[in-house]
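Trainee: There's a structure below that I have some questions on.
There are 2 protein chains.
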Amino acid sequence: MYMIGDAAKASGLPTKTVRYYADVGLVKPDARSQSGYRLYGHAELKKLIFVRRARAFGFSVDECRELLDLYEDRERPSREVKKLALQRIGEIEMKMEELQLLHHELSHLAEACRGDDRPDCPILSSFADDEELPGLRP
Amino acid sequence: MYMIGDAAKASGLPTKTVRYYADVGLVKPDARSQSGYRLYGHAELKKLIFVRRARAFGFSVDECRELLDLYEDRERPSREVKKLALQRIGEIEMKMEELQLLHHELSHLAEACRGDDRPDCPILSSFADDEELPGLRP
DNA sequence: TGCAATCCTTCCAGCTACAGGAAGGTTAAT
DNA sequence: ATTAACCTTCCTGTAGCTGGAAGGATTGCA
Chain A
13 MYMIGDAAKA SGLPTKTVRY YADVGLVKPD ARSQSGYRLY GHAELKKLIF VRRARAFGFS
73 VDECRELLDL YEDRERPSRE VKKLALQRIG EIEMKMEELQ LLHHELSHLA EACRGDDRPD
133 CPILSSFADD EELPGLRP
Chain B
13 MYMIGDAAKA SGLPTKTVRY YADVGLVKPD ARSQSGYRLY GHAELKKLIF VRRARAFGFS
73 VDECRELLDL YEDRERPSRE VKKLALQRIG EIEMKMEELQ LLHHELSHLA EACRGDDRPD
133 CPILSSFADD EELPGLRP
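Just so you know, the protein sequences line up as chains A and B, in that order.
Count along the first sequence starting at 1, add 12, and that's the number in my numbering.
Count along the second sequence starting at 1, add 12, and that's the number in my numbering.
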């Protein structure tokens with residue numbers, strides 16, 4: 013069993029956040045020690061890691077709750093589970109594309125900079141251009 | 013020139029958020045109409061899109077401000093600009109890996125569901141396993 | 001020309017998801 | 001036995017929006 017500090021380190025979350033998740037019932041400790049310390053097992057630790065990732069990509073705490081339910085709710089028909097999971101996967105794939113674009117833009121900028129001390133790092137060209145913005149009222 | 017509603021639609025941000033960004037000086041409108049309406053040009057629109065992406069991946073508003081400065085601050089030596097850009101690119105590449113992992117986990121779950129009505133969608137096996145968690149106090 | 005619908009404005013209150021810090025109990029090592 | 005490094009609860013503060021009220025502007029249509 014991990015105490016909260018160890019669970020935090022192992023999951024990559026701040027201790028405060030782990031405690032917060034326990035308070036709001038997102039990831040509850042398996043038990044409390046005699047002195048009241050929160051104790052986490054491996055499964056709960058996995059959940060914390062999962063939640064950290066999902067939160068980092070814009071899923072709300074409530075959405076994370078739903079995602080965790082996917083793992084646990086044996087009552088729910090698997091058709092519904094699958095539908096929810098596929099929805100989220102779709103969102104994640106969109107996020108991946110957006111992340112690619114962001115990466116591309118910043119790489120472009122970094123390449124355009126020569127990296128010496130002269131202050132002539134050019135403004136990314138696409139910034140000044142008008143191309144491919146959605147036309148309004150055609 | 014776009015009015016705020018059009019700028020919002022074109023950038024994919026809520027109107028309220030565009031107004032908020034104007035208030036905090038992150039992306040200011042180029043001008044105001046006679047009646048006080050905010051007016052945005054193409055370059056500002058590009059910035060809004062850029063900020064939407066950066067925010068979606070966990071960069072704070074202040075970090076976005078810094079990223080936008082990369083495009084604009086001609087005073088700053090390009091070495092420093094490049095360093096900052098490369099740092100951010102490194103972070104983005106880490107985010108990409110995490111996003112891959114999240115995608116993988118959810119895909120795994122979705123595949124494990126047969127997708128019919130029977131409530132036997134299995135719990136992701138890795139969830140119960142102990143494998144590859146960091147050992148503490150060795 | 002009048003009127004309704006749909007924009008826009010400012011301002012203020014409330015929300016989510018934490019983060020900081022105080023006051024105090026617990027544990028492990030010296 | 002005491003000191004450091006944990007842990008606890010509780011309470012306040014912050015970032016980044018979000019919703020709504022009150023009112024002005026613009027547009028399309030009868």
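Virtual Cβ for every residue (Gly too), placed ideally from N, Cα, C.
Since the structure is predicted, the reported quantities are computational estimates derived from the model, not experimental observations.
Go through the region 44-99 of chain B residue by residue and report every complete run of the beta strand (DSSP E) that reaches 3 residues or more, in order.
Mentor: As far as the region 44-99 of chain B is concerned, its whole beta strand (DSSP E) runs of at least 3 residues are 50-52.
Trainee: Flag K107(A) as yes if its beta-carbon sits less than 8 angstroms from any beta-carbon of chain B, otherwise no.
Mentor: Chain B contact via Cβ: present.
Trainee: What residues of chain B sit near S72(A), judged by a beta carbon separation below 8 angstroms?
Mentor: Residues of chain B passing the Cβ test: none, with the nearest at roughly 13 angstroms.
Trainee: Decide yes or no for the touch test of the region 13-28 of chain B against the region 56-74 of chain B: beta carbon pairs closer than 8 angstroms, at least 3 of them.
Mentor: Contact between the region 13-28 of chain B and the region 56-74 of chain B is present, because at least three Cβ pairs lie under 8 angstroms.
Trainee: Who are the near neighbours of G17(A) in its chain, counting only those whose CB is closer than 7 angstroms to its CB and skipping five residues on each side?
Mentor: These residues qualify, in order along the chain: T27.
Trainee: Give the single residue among V73(B), L111(B) and M106(B) whose Cα lies nearest to the Cα of K107(A).
Mentor: With distances taken between Cα atoms, K107(A) lies closest to L111(B).
Trainee: Beta-carbon within less than 8 angstroms of T29(B)'s beta-carbon, same chain only, minus the 5 sequence neighbours each way: which residues are those?
Mentor: A20.
Trainee: For a test of the three-state rule: what should DSSP assign to M15(B), helix, strand or coil?
Mentor: If DSSP states are grouped into helix, strand and coil, M15(B) belongs with the strands.
Trainee: Are any of the Cβ atoms in chain A nearer than 8 angstroms to that of A43(B)?
Mentor: Chain A contact via Cβ: absent.
Trainee: By a C-beta neighbour count over all protein chains shown, 10 Å radius and 16 as the cutoff for buried, is Y14(B) buried or exposed?
Mentor: It is buried - the Cβ of Y14(B) has at least 16 other Cβ atoms within 10 Å.
Trainee: Is the shortest distance between the beta-carbon of E117(B) and the beta-carbons of chain A less than 8 angstroms?
Mentor: Chain A, which has a Cβ nearer than 8 angstroms to the Cβ of E117(B), makes this yes.
Trainee: Kindly indicate which three-state DSSP category K40(A) falls into: helix, strand or coil?
Mentor: Note: K40(A) maps to coil in three-state DSSP.
Trainee: Between R65(B) and chain A, is any beta-carbon pair separated by less than 8 angstroms?
Mentor: Cβ-Cβ to chain A under 8 angstroms: yes for R65(B).
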